[in-house]
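One structure is given here, and the rest of the page talks about it.
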Amino acid sequence: MRRRESLGVIAGGAVTATAGCLGDGFLGGNADDDQLALADRTLQYGGVLPLSGGLEAFGDPLRNGAMLPIVELEGSELDVSVDFEVVDSETAPTAAVNNVAELIDAGYPAIVGAAASDVTLQMTQQATIPAEVVTCSPASTSPTMGILNDRGFSFRTAPDDSMQAVIAAQIAVSEHDAETAATLYTAGDYGRQLSGAFSASFDGTIQHQVSFTEGSNSYTEPLREALSDDPDILFLVSYAESGVDLLTEYYENHQGTETVLVSDGLQDEAIPRGVDASLSNVYGTAPVSSGPGRDGFTSLYQDEHGGEPPLFTANAYDAAATLLLSNAAAGANDGTAIRSKMIDVTTGGGTEILPGELAAGLELAADGEPVQYRGASGEVAFDENGDGGSVTYEYFTFEGEEIVSIEERTPEGVAQ
Amino acid sequence: MTANEPEQPEETTSGEDSETGEAAGNEGSERRDGRAAKTIGDESGLGSTMRSLVPSVIRGSYRWKFVISVLAILVVLSAVGAIGYVNAQNTVETDAEQQLTATVDMHADSINEWTISMESHTRSLSSAPALSKTDAETAESHIIEEQAKLPVDVRAIHIVDTNYDRVLTSTNGEVSGRSLSSIDEPWTGIEPGVDLTAANDVWYSPAAYQSGTLDDQVIAFASPVEGDEARIAVVVGTIDYRVDGLRQLHEDQETMILNTEGDTVLGSNELGGDPDGEIVESLGTVREGTAFERDGNLVIGYSAMADNDWVAITTVPTDQAFAASSAVGHSLLSVIGAGLLTLVVGGVFLARQTVTPLETLRDRAKRMEQGDLDIDLSTNRIDEVGRLYESFDEMSTALETRITEAKEAQAEAEAAQAEAEEAKTEAETAQAEAEAERERMAEVTAELQRGADQYSQTMREAANGDLTVRADVDTDNEQMQEIGTEFNAMLDELESTVDEVKQFATDVAAASQQVSASSKEVQSASEQVAESVQEISDASERQSEQLQTVDAELSDLSASTEEIASTASEVETVAERTVDSSREGREAATVAIEEMTEVETEAERAVETIQSLETEVEQITELVDAISDVADQTNLLALNASIEATRAGEGGEAGGFDMVAQEIKELSADAKDAAAEIEDRIDDIREKTDESVDVVEHTSEKVEQGTEAVQPAVDALAEIAELAEDTNNGVTEISAATDAQASSTEEVVTAVDEVASSSEESAAEAGNVSAAAEEQTASLSEVTRSVDSLADQAAELSQTLDRFETAVSQEGADGPTEADQSTVPPM
């Protein structure tokens with residue numbers, strides 16, 4: 001009978017062992033991917049910014065703005081690690097497409113960038129949207145961005161140019177009594193759209209719309225053509241680098257009685273410094289960072305870098321902040337998840353988070369609590385096209401080597 | 001005791017009869033001594049055939065039978081398992097094939113969809129007016145916008161200018177403006193008119209190629225721009241996303257696309273194997289259908305695309321494609337193998353379990369037969385074998401016990417027999433004693449009987465009614481003496497009791513007669529009372545009725561008085577109204593008179609005005625006269641002037657004078673005419689004025705008349721008012737009088753009511769008394785009846801008791817003790 005007992009034991013053992021294997025097979029692999037706590041995660045985001053090329057002057061300020069959240073978090077008590085890497089867009093679409101591949105391959109789920117509208121359009125369509133990476137541009141103002149077929153992955157904190165054109169046209173008539181105008185714009189979507197919108201809104205005669213290529217050797221031909229019929233207003237749409245050369249040539253050879261209205265691309269101290277002329281007939285329009293968090297952001301910027309934050313820096317901060325908040329809310333470095341949260345963290349109601357309160361915001365978002373981010377450059381409420389820019393514009397001029405703001409305007413009667 | 005035969009194994013092998021021919025379910029029997037014996041249930045011809053076929057070696061050993069049965073099962077299971085395995089393999093393979101074919105079909109559909117959507121994007125782009133004969137700027141702006149709207153599959157859009165063989169503009173800045181020959185892409189070689197014939201024609205590159213900037217496989221689509229024959233719109237779209245998005249069922253599954261000629265449209269470097277050109281051609285030509293083939297260690301699925309001549313091909317390594325079938329097969333085999341193994345092991349084990357104990361039992365049984373009852377039949381098993389062991393054990397124990405018991409019983413029986421002899425002797429002694437006893441008893445019984453007879457006679461006499469008899473107690477038997485004494489005592493008491501009762505009955509009869517007489521008297525008296533009361537009751541009822549009548553009459557009176565009062569009130573109201581109306585009338589009349597007086601005043605004023613008007617008119621008349629005079633004089637003047645003119649006319653200045661004169665003349669004539677007219681008009685006015693005066697005066701007269709007429713009305717109304725007042729007063733008086741009358745009537749009614757109610761009360765009281773009297777009568781009657789019945793019953797009782805003779809009733813008759821002597825003394 002001992003035999004019987006030993007047989008029984010062996011059989012029982014075999015059954016138990018196989019049951020264990022079965023158990024694994026059926027039940028294993030159902031463990032939920034529990035969200036990691038904020039302290040165990042690294043929040044990743046990247047930047048594609050014009051460290052060289054036509055918008056080189058904006059490269060450093062934009063980078064500073066995009067990195068300011070990291071400085072803010074390091075100064076807070078929140079236990080979280082943030083990973084940021086930036087690549088150069090060279091203000092050229094092809095370069096940006098090639099360089100952003102680096103960030104995509106390294107697994108960054110969200111990117112602040114790019115600055116120029118053409119660059120952003122190509123970068124998103126060729127690289128980031130197929131790779132399901134979220135982008136948020138601080139400075140691409142072209143209206144085309146609003147109609148981009150982006151599957152919800154493309155956002156921007158930059159304002160839409162269609163409104164700047166309206167403001168410029170209104171100013172041309174109300175402040176300068178202009179009846180005729182000509183536009184001179186940098187070739188590309190930004191310039192063309194702004195010039196076209198200005199022409200559509202201007203209450204007078206548009207004599208010429210002339211494009212020029214950024215970085216040419218000579219701007220004589222375009223200038224001559226644009227000023228050939230003595231317009232009252234020359235609406236100049238350009239980036240800063242070529243703007244300096246262009247204005248220098250203008251003052252040497254072509255200046256007449258007209259007033260020059262420049263776009264936001266030329267709201268740069270490089271202009272009064274680089275152009276050896278009084279610039280007394282030059283005025284300009286540019287979007288204003290006028291959000292509820294402006295003061296908080298300004299004090300953060302001044303503590304870190306000193307001086308007034310240049311144009312679009314606040315937008316860059318807002319872009320980085322919303323990307324970080326969405327990342328925390330999504331709970332993973334995954335572009336698709338972050339994409340869904342971008343609108344929630346800016347419009348969903350909940351605790352208000354202003355610049356300076358980012359640490360608290362991240363903690364709440366990671367816990368699943370609703371937050372509402374209110375930005376430095378505007379309310380930053382992303383709509384379904386991903387647009388979150390403000391609608392207030394500044395009418396400015398140059399005095400000596402400084403940019404002086406005359407007044408702030410909101411476009412009237414423009415559908416948002 | 002005979003040995004038991006081995007038990008039947010549980011697994012029967014009747015199914016294998018046909019296969020192996022060994023012993024079936026029928027039992028074999030083991031013979032030790034060669035005697036033929038009947039086996040259980042073994043009468044069928046089949047069974048006997050079996051037995052003859054199977055060698056006796058096998059039939060003789062249960063173990064062997066068992067082994068062979070198990071082997072048979074193994075063979076059957078293996079066969080069934082093999083069939084199942086083969087079937088399963090086939091099914092799974094067919095399934096995998098179908099799945100693969102379906103997958104490749106889906107891929108083809110997906111890619112087809114992609115090409116169609118790209119073609120339609122190209123077509124719609126090329127029909128945009130912004131591209132036709134516009135400058136590069138406009139075209140570029142448009143295509144950038146379009147590219148933004150299109151899905152990210154669209155890598156680039158180029159507009160080709162065939163007149164200059166260059167790219168007019170492009171979304172890709174590096175391509176824009178370049179000449180076609182400097183670009184190495186298939187769409188640069190399009191010849192309009194050859195490759196693109198119609199306006200909505202779409203050309204596509206025959207194969208996918210690597211695009212310049214990015215590493216994905218793209219296909220170019222081109223369509224001529226509508227309205228501009230020189231321009232072609234080119235859309236470069238990547239097929240990689242679509243292909244990557246295709247669901248791959250297996251790890252090494254690869255998809256490629258060939259066209260009908262067998263050229264690769266979209267290939268994969270990792271693709272192994274050679275697609276069959278014929279299949280590709282046939283599918284591509286028909287543009288419909290799927291195919292499947294196995295090529296060495298690869299499985300290849302083909303599917304044609306509906307809208308072009310491409311064929312999608314998917315290859316999968318065979319072992320992956322049919323991984324399921326191998327898995328199924330393996331598990332099936334392992335199941336069968338495990339089953340067989342277990343069967344063998346189990347069979348061996350079970351056989352051991354069954355055969356060994358049987359043999360043991362057989363040995364033990366032999367020994368028992370030989371008389372050795374002291375054998376060890378213990379076991380740990382509790383199944384049938386164990387129970388068998390137990391039964392054996394019990395049986396041998398039981399046998400032992402029985403034998404022992406039988407022996408003991410025999411010894412006991414002998415002892416019992418000796419005892420029985422003793423008992424018999426004792427019984428005989430006892431019997432003799434009993435006989436003597438019996439005789440003595442007989443004597444006593446006779447004595448008792450004699451005494452009893454005597455007593456019975458005495459009792460009979462007492463029962464008949466003679467309560468004076470007594471029993472004779474002269475007897476030897478103590479008990480009988482006692483009985484006699486007690487019986488005598490009883491009779492004594494009975495006699496005395498009956499005496500008392502008789503006496504009592506007589507007394508009762510006498511008393512009841514007395515009661516009866518007096519109650520009759522009472523009854524008659526109460527009847528009289530009842531009658532009197534009744535009379536009182538009737539009288540008071542009559543009184544009550546009369547009072548009721550009075551009450552009714554008074555109520556009527558009261559009611560009519562109230563009517564009068566109310567009527568009087570109504571009249572009063574009417575009279576007041578009359579007063580009011582007359583007052584109003586008077587006021588109205590007065591107002592009328594005032595009005596008329598005013599009118600009169602007005603009329604007088606009118607007359608005055610008219611009169612003043614007349615005065616004015618007169619004055620005008622005077623003026624007119626004056627004018628007339630002036631006219632006349634002017635006329636004269638004219639005349640004079642004319643004369644002077646005539647006179648001076650001879651001179652030559654006459655004309656002027658003449659003229660003047662003439663004019664003056666005319667003037668004066670006009671004046672005169674005017675004056676005359678004025679006078680006429682004044683006359684008219686005067687006439688009219690006169691008329692007005694007449695009218696006004698007439699009106700005035702009328703007004704006076706009216707005033708006069710109204711006055712009597714006013715007086716009459718005043719009279720009415722006075723009379724109404726009088727009426728009012730009179731009515732008030734009536735009203736007051738009737739009120740007083742009503743109240744006094746009320747009081748009378750109240751008083752009458754009181755009387756009526758008190759008379760009713762007395763009537764009720766009388767009724768009560770009457771009723772009480774009647775009750776009393778009734779009670780008395782009952783009493784009488786009761787008394788009567790009591791008397792009757794007493795008489796009955798007396799009668800009944802007469803039957804009994806007692807010492808009292810028998811006056812001078814036989815003495816009480818004499819009855820004794822009539823009895824018969826007991827024995």
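Protein chains in written order, with UniProt numbering: chain A, 1 to 416; chain B, 1 to 827.
Even glycine gets a Cβ: it sits at the ideal position worked out from N, Cα and C.
Beta carbon proximity, residue i to chain A, threshold 8 Å
i: Y62/B; result: no
i: G347/B; result: no
i: R155/B; result: yes
i: E251/B; result: no
i: S141/B; result: yes
Buried/exposed call for residue i, threshold 16 Cβ in 10 Å
i: R387/B; result: exposed
i: D318/A; result: buried
i: S223/B; result: buried
i: V9/A; result: exposed
i: L399/B; result: exposed
i: I171/A; result: buried
i: V76/B; result: exposed
i: D383/B; result: exposed
i: D367/A; result: exposed
i: R374/A; result: buried
i: Q209/A; result: buried
i: G346/B; result: exposed
i: D160/A; result: buried
i: M163/A; result: buried
i: T346/A; result: buried
i: L131/B; result: buried
i: M490/B; result: exposed
i: L333/B; result: exposed
Residue-level contact to chain B via CB, residue i, 8 Å cutoff
i: T94/A; result: yes
Interface partners of residue i on chain B, CB under 7 Å
i: P130/A; result: V152, Y241
Residue i - partner residues in DSSP beta bridges
i: V385/B; result: None; V385/B has no bridge partner.
i: N259/B; result: W310/B
i: L236/A; result: L184/A, V262/A
i: Y373/A; result: I353/A
i: W203/B; result: A222/B
i: P317/B; result: L298/B
Chain A residues whose Cβ lies nearer than 8 Å to that of residue i
i: A148/B; result: L121, Q125, T144, M145, I147, L148, N149
i: E174/B; result: T94
i: E145/B; result: T144, I147
Interface partners of residue i on chain A, CB under 7 Å
i: G284/B; result: Those within 7 Å of G284/B in chain A number zero; the least Cβ separation is about 30 Å.
Contact set between residue i and chain A, taken where Cβ atoms lie within less than 9 Å
i: E137/B; result: A187, R192, Q209, S211
Cβ pair count under 8 Å reaching 3, the stretch 656-671 of chain B against the stretch 605-616 of chain B: No, they do not touch.
The stretch 228-238 of chain B / the stretch 162-174 of chain B touching (three or more Cβ pairs under 8 Å): When C-beta atoms of the stretch 228-238 of chain B are compared with those of the stretch 162-174 of chain B, three or more pairs fall below 8 Å, so the two segments count as touching.
Cβ pair count under 8 Å reaching 3, the stretch 171-186 of chain A against the stretch 137-152 of chain A: no
Three or more C-beta pairs below 8 Å linking the stretch 226-238 of chain A and the stretch 254-264 of chain A: yes
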